[in-house]
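Have a look at the structure below, then the notes.
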Amino acid sequence: MLVLSFALIVGSPKSSQAACSFNGGLGADPCSAISLTVGASCTGVEARTNGCGNFLNPGAGCTGGTRPDVWGVFTTGAAGTYNITHNSSNRDMAVHLFTDGACGTIGIADEVGCSDANGGNGDETLVIALLAATTYYVRAEATSANGLVGNGFCVWTPAPPPANDDCSGAIALTVDAACTNGTTAAATTEAGENPPCGAPGSAYDQSVWYKWVATSTGHTVTVDNLASAACYNMYVAVYDGCPGGGNESACSYDNFDPQAMTLENLTIGNTYYVQITYGSGGACGTGQTFCV
Numbered sequence: 045m046l047v048l049s050f051a052l053i054v055g056s057p058k059s060s061q062a063a064c065s066f067n068g069g070l071g072a073d074p075c076s077a078i079s080l081t082v083g084a085s086c087t088g089v090e091a092r093t094n095g096c097g098n099f100l101n102p103g104a105g106c107t108g109g110t111r112p113d114v115w116g117v118f119t120t121g122a123a124g125t126y127n128i129t130h131n132s133s134n135r136d137m138a139v140h141l142f143t144d145g146a147c148g149t150i151g152i153a154d155e156v157g158c159s160d161a162n163g164g165n166g167d168e169t170l171v172i173a174l175l176a177a178t179t180y181y182v183r184a185e186a187t188s189a190n191g192l193v194g195n196g197f198c199v200w201t202p203a204p205p206p207a208n209d210d211c212s213g214a215i216a217l218t219v220d221a222a223c224t225n226g227t228t229a230a231a232t233t234e235a236g237e238n239p240p241c242g243a244p245g246s247a248y249d250q251s252v253w254y255k256w257v258a259t260s261t262g263h264t265v266t267v268d269n270l271a272s273a274a275c276y277n278m279y280v281a282v283y284d285g286c287p288g289g290g291n292e293s294a295c296s297y298d299n300f301d302p303q304a305m306t307l308e309n310l311t312i313g314n315t316y317y318v319q320i321t322y323g324s325g326g327a328c329g330t331g332q333t334f335c336v
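To convert, count from 1 in the sequence shown and add 44; that's my numbering.
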């Protein structure tokens, strides 16, 4: 009788790539990928391509190539839209996303998305809907040359915009009633919305909306409880309708707290809309109150 004896050894896939020069030696391939944590904002983790090899060339999509690439890995929580960013201060980066059951079997067919829209130095962000409780591998490659500095990878799910982000969702204010708390944090730009007071640039398009019904021909709109002097530069504009059908009838840009705007020649019974803007829906746009 012939007896065969053998030993079966199961281990992790081994990389043929040399360790990257930075990132603690991590990131040369999916199996040595840099561990990333999903956050509510972009907090970068070092991910340079210096010293890394080229593990995978995704082909023509989003400027795939044979220059050194760096890899990160993360696992989603709930299903939804995720922002996957690579930051570089001196290179144009392309970002590719893959998913597969095992890091050692990642291939071109496993790519689920890519982005190379920036076209210059800075953040390259892929915005994509992902499945729940799924592991994804992110690849970054400089599209022109190696050698980059920056914060590297971050994966984040930004907060949803406030309920009154669009004019159609404007929060109703009652004349001479208690002030209403509000925020411009995470506000976005709706179709047809223009910057208040003719403000320059798109940074002041990102607004929230309130409304009230005129009970007299004159009212005062007040924005109070601003966080600090740095936050006083809020625009307060009043319209006789929503974007696309309303006209701006008054606007204020006072560098004071509170900001108060007195309106005259109103039509009793008409609804007026207040657009509140603090640049790019910034962090200073929290905690203020609104009154008429």
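Every residue, glycine too, gets a C-beta built ideally from N, C-alpha and C.
Annotated three-state conformation of residue 138 is strand, per DSSP. Going by C-alpha positions, residue 232 is about 11 Å away from residue 207.
Per DSSP, reduced to three states, the secondary structure at residue 67 is helical. Per DSSP, residue 80 lies in no beta strand (DSSP E) segment and is marked neither H nor E.
Runs of beta strand (DSSP E) with 3 or more residues, each lying fully within the stretch 197–243, are found at 224–227, listed in chain order. Taking 8 Å as the cut-off, the beta carbon of residue 66 is found no closer than this to the beta carbon of residue 116. Under the DSSP definition of a beta bridge, residue 312 lacks any partner. Residue state for residue 120 is assigned as coil, using DSSP reduced to three classes. Residue 172 places its beta carbon 8 Å or farther from that of residue 151.
Sixteen is the threshold: since fewer than 16 other Cβ atoms of the shown chains lie within 10 Å of the Cβ of residue 103, the residue is exposed.
Boundaries of the beta strand (DSSP E) harbouring residue 158: 155–159, taken from the DSSP string.
By the neighbour-count criterion, in which 16 or more other beta carbons inside 10 Å mark a residue as buried, residue 84 falls on the exposed side.
Membership of residue 295 in the beta strand (DSSP E) is indicated by the continuous run 292–296. Assigned with DSSP and collapsed to three states, residue 152 falls in helix. A direct Cα-Cα distance of roughly 29 Å separates residue 130 from residue 321.
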